[in-house]
Amino acid sequence: MLKKHLSLAVLVTLVWGVNFPITKLGLRAIDPFVLTGIRFALAALPLVFFIKRPAVKFRYVTAYGIIFGLGMWGVINYGIQVGVSPGIASLIIQLSVFFTLGWGVVLFKERIRGAQMLGAVLALIGLAGIISTQDGNHAVLGVMLIVLSAVAWSVGNVIIKKSGVKEIFSFMVWASLIPPIPLFLTAWLMHGGAAFEGLQANLDLTAILSILFQVYLATHFAYWGWNSLLKLYPVSTVAPLSLLIPVFGITSSMLMLDERISTPNLISIGTIIVGLAVGLYRRPVSLAPVGPHAVMQADK
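Position 142 (the sequence shown) corresponds to 962 in the numbering used here; numbering is contiguous.
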């Protein structure tokens, strides 16, 4: 990989990692589902007036919008609010790799390599370790919600694969039109009008900067950068760099939120990272392989 492209890859993973503690800062003032709804509304508008709709059936756009907006990011933000730390959330969400591989076997009759099986086992051991060290029901619930969001992400990958969409950025922009209403409705069903009361007053500088970061850096810039790399290089070259996301996520959480990680959690985190590395590793090939993980990385 050329130095400029490697620099772009590192910058993208840095943005995605830092996005987790920055989201936590926004959650201090805004309901998680309301915050997510605002994010996707701004991700869609006004770009949908300037970007042509992707050439796929709109039901795929709708399904992906609900899964990605509500099922993934809405649940992630709720999980962070109820107790899971942003750093650990940035790690657990990477388990979508293995859920995506599982869907590939069930729906597309793809084979799982031995290394992928070993990686999945190691990652599950690490996940079990993290769950066992959580204090209180809320913290455990938070971890399980992040796991659920990883499952939702994998379902979103299946939707993209089934749709055959080529215009990934356009697909993401148009799909962002769908989740705001379900997200706002979920906030209302859970907390009533309290989720929206004082919203304008709570939009202080920190909350506004958090939203802008999520929309224009973590969504627009990062999607463009990652998909640009996937067009230039084999997935086997680009995919392992996603392991930097939890590294940046955990480090930035420690620096920005004074997050402290216990020794048992460090061991569990290391086990998951090793599992992800084993599962992602492939011998270099001249052409990009086609598979569920290729779709997952194109979707990041």
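All C-beta atoms, glycine included, are put in the ideal place defined by N, C-alpha and C.
Identity of the residue in the options nearest residue i by Cα
i            : options                : result
residue 1087 : 1075, 950 and 1050     : 950
residue 826  : 968, 912 and 1048      : 1048
residue 1060 : 942, 933 and 1093      : 1093
residue 1098 : 932, 1004, 999 and 938 : 938
residue 767  : 1024, 864 and 944      : Shown here, the chain extends from 821 to 1120; a query on residue 767 therefore has no answer.
Sub-8 Å separation of residue i and residue j beta-carbons
i           : j            : result
residue 993 : residue 862  : no
residue 910 : residue 1066 : yes
residue 853 : residue 1006 : yes
residue 835 : residue 1041 : yes
Inter-residue Cα distance where the pair is residue i and residue j
i            : j            : result
residue 947  : residue 870  : 43 Å
residue 828  : residue 923  : 30 Å
residue 1076 : residue 927  : 41 Å
residue 1043 : residue 989  : 7 Å
residue 1073 : residue 823  : 27 Å
residue 833  : residue 1045 : 10 Å
residue 888  : residue 844  : 19 Å
residue 1031 : residue 846  : 7 Å
Secondary structure of residue i, DSSP reduced to three states
i            : result
residue 852  : helix
residue 1043 : helix
residue 1053 : coil
residue 1112 : Summary for residue 1112: the model assigns pLDDT 41, below 50, so the residue's position carries little reliability; its value from the coordinates is reported in the next sentence. Helix, per DSSP.
residue 1142 : Residue 1142 lies beyond the residue range present for the chain, which begins at 821 and ends at 1120; the question has no answer from this structure.
residue 998  : coil
residue 882  : helix
residue 913  : helix
residue 954  : coil
Buried versus exposed, by CB contacts within 10 Å (16 or more), residue i
i            : result
residue 981  : buried
residue 976  : buried
residue 1052 : exposed
residue 1184 : Because the chain is modelled from 821 through 1120, residue 1184 falls outside the range shown and cannot be assessed.
residue 1112 : The predicted model places residue 1112 with a pLDDT of 41, which falls under 50 and marks its position as unreliable, so this point remains unresolved.
residue 1078 : exposed
residue 907  : buried
residue 851  : buried
residue 1014 : exposed
Check: residue i C-beta below 7 Å from any heavy atom of the ligand FMN
i           : result
residue 871 : This structure lacks the ligand FMN, and indeed carries no ligand of any kind.
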